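When we follow numbering that gives the first Met the number 0, the leftmost residue of the sequence shown carries the number 0, and every step to the right adds one.
Beta carbons: idealized from backbone N, C-alpha and C, even for Gly.
Small disclaimer: the values here were computed from a predicted structure and weren't measured.
Worksheet for the structure shown next.
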Amino acid sequence: MDPCDFHKTAELLKNRSEEPHIRTSIGRAYYGTFLYFREFLVKNGLEKKKKPRMDIHAFVTECLQYSN
């Protein structure tokens with residue numbers, strides 16, 4: 000699934016006042032962002048297999064923390 004689709008879903012839900020909609024909006028925004036950067040890292044030669052004991056979310060976060 001295209002990460003942008005998660006962002007579109009987040010946009011649709013973000014202005015709703017019910018807690019489930021707000022929480023889902025936040026979750027979809029996070030996941031869309033995560034997928035975007037995971038794909039970006041793979042395209043630039045950084046894959047999780049290079050750090051096999053690390054969770055993929057932690058791997059993406061660490062790569063972004065140390066990036067320019």
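Less than 9 Å separates the beta-carbon of histidine 6 from that of threonine 32. Counting only the Cα atoms, histidine 20 lies some 6 Å from leucine 12. Inter-residue distance for glutamate 61 and threonine 8 is about 27 Å (C-alpha atoms, whole angstroms). Arginine 52 carries a coil assignment under DSSP once its states are collapsed to helix, strand and coil. In the structure shown, the three-state DSSP call for arginine 27 is helix.
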